[in-house]
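Participant: Starting off with a structure, shown below.
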Amino acid sequence: MHADTPYEITPTTLHNTTHDHPTVVRRPVILPAEIPPGVDWVTLPNGVRTLAYTHPTQPTPAPAPAVQPIPAWAKTTALLAPTVGGGIAAAGIGLSYAAPGLIAMSHALWSAAALLVAAVTAVPVLLRTARRAATGGGSGGAGSATHITQNITATGLFGRANGTINNR
Numbered sequence: 230m231h232a233d234t235p236y237e238i239t240p241t242t243l244h245n246t247t248h249d250h251p252t253v254v255r256r257p258v259i260l261p262a263e264i265p266p267g268v269d270w271v272t273l274p275n276g277v278r279t280l281a282y283t284h285p286t287q288p289t290p291a292p293a294p295a296v297q298p299i300p301a302w303a304k305t306t307a308l309l310a311p312t313v314g315g316g317i318a319a320a321g322i323g324l325s326y327a328a329p330g331l332i333a334m335s336h337a338l339w340s341a342a343a344l345l346v347a348a349v350t351a352v353p354v355l356l357r358t359a360r361r362a363a364t365g366g367g368s369g370g371a372g373s374a375t376h377i378t379q380n381i382t383a384t385g386l387f388g389r390a391n392g393t394i395n396n397r
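The sequence shown begins at 230 in our numbering and counts up by one.
Next up, the structure:
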């Protein structure tokens, strides 16, 4: 008997009195799936394997992963995100305050464009009218108009061209 075992464990055997040979008792077969929790196969000091209640073993906790430093790009992105968001928000607020002024400026620009187009078309008409009034031109006036005619002739595909200009 061992010093730490308070009692002796012996396997169950029956002795037949007629033959004096030990007879092994047949035990029912237990499949591993039928073993209840907290019970496991153990080997006794004399080499016999039997089922016994066992203390559940606590699984060893997994080692904690090593702490890795935060990459610089992640820090930069984390610092820039609220800055960019705040800038976009400030721009939106500024545009909302400036919207009436922007609308007025767009109306003024359209008015300026319309004035420019009107000036481009009206100035030649006014100049032509002022010129006729200054020269007394128009229908049967005393002013004389100069007529210039030009006649150009050429012979052949690559021939030299000749021309005349007449002032009347």
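C-beta: ideal position from N, C-alpha, C; glycine also.
Between which two residues does the alpha helix (DSSP H) harbouring R389 extend?
Facilitator: Here residue 389 is taken as the residue at index 160 of the sequence shown, counted from 1. Unbroken run through R389: none, as it is neither H nor E.
Participant: Can you grab the Cα-Cα spacing for the pair A307 / A333, in whole Å?
Facilitator: Counted from its first residue, the sequence shown places residue 307 at position 78. Counted from its first residue, the sequence shown places residue 333 at position 104. Whole-angstrom Cα-Cα distance: 40 Å.
Participant: R278 bridges to which residues according to DSSP?
Facilitator: Translated into positions along the sequence shown, residue 278 becomes position 49. The partner list for R278 (beta bridge, DSSP) reads T272.
Participant: Name the two residues that bound the continuous alpha helix (DSSP H) containing A337.
Facilitator: Your numbering for residue 337 matches position 108 in the sequence shown. Per DSSP, A337 belongs to the alpha helix (DSSP H) from 301-364.
Participant: Thinking T382 and N391 are a contact (beta carbons under 8 Å), I'd like their distance in whole angstroms, please.
Facilitator: Walking along the sequence shown from the start, residue 382 turns up at place 153. Walking along the sequence shown from the start, residue 391 turns up at place 162. Going by Cβ atoms, the distance from T382 to N391 rounds to 6 Å, so yes, they are a contact pair.
Participant: Under 8 Å between the Cβ atoms of G267 and P290?
Facilitator: Position 38 of the sequence shown, counting from 1, holds the residue named residue 267. Position 61 of the sequence shown, counting from 1, holds the residue named residue 290. Their beta carbons are not under 8 Å apart, which means G267 does not touch P290 by this criterion.
Participant: What residue from V354, T272, E263 has the CA that sits closest to A425's CA?
Facilitator: Any property of residue 425 remains undetermined from this structure, which presents the chain solely from 230 to 397.
Participant: Considering just the uninterrupted stretch of the beta strand (DSSP E) at T382, what are its terminal residues?
Facilitator: The residue given as residue 382 occupies position 153 in the sequence shown. Start and end: 377-383.
Participant: Just to confirm, is the Cβ distance from R389 to H376 under 8 Å?
Facilitator: Residue mapping note: residue 389 aligns to position 160 of the sequence shown, counting from 1. Residue mapping note: residue 376 aligns to position 147 of the sequence shown, counting from 1. Contact: no.
Participant: Determine, using beta carbons only, whether T279 and D269 come nearer to each other than 8 Å.
Facilitator: Counted from its first residue, the sequence shown places residue 279 at position 50. Counted from its first residue, the sequence shown places residue 269 at position 40. Result no, Cβ atoms of T279 and D269 do not sit closer than 8 Å.
Participant: Which residues in the same chain have their Cβ closer than 8 Å to the Cβ of P261, if we skip the five residues on either side of it in sequence?
Facilitator: Position 32 of the sequence shown, counted from the start, is the residue given in the question as residue 261. No residues qualify anywhere along the chain.
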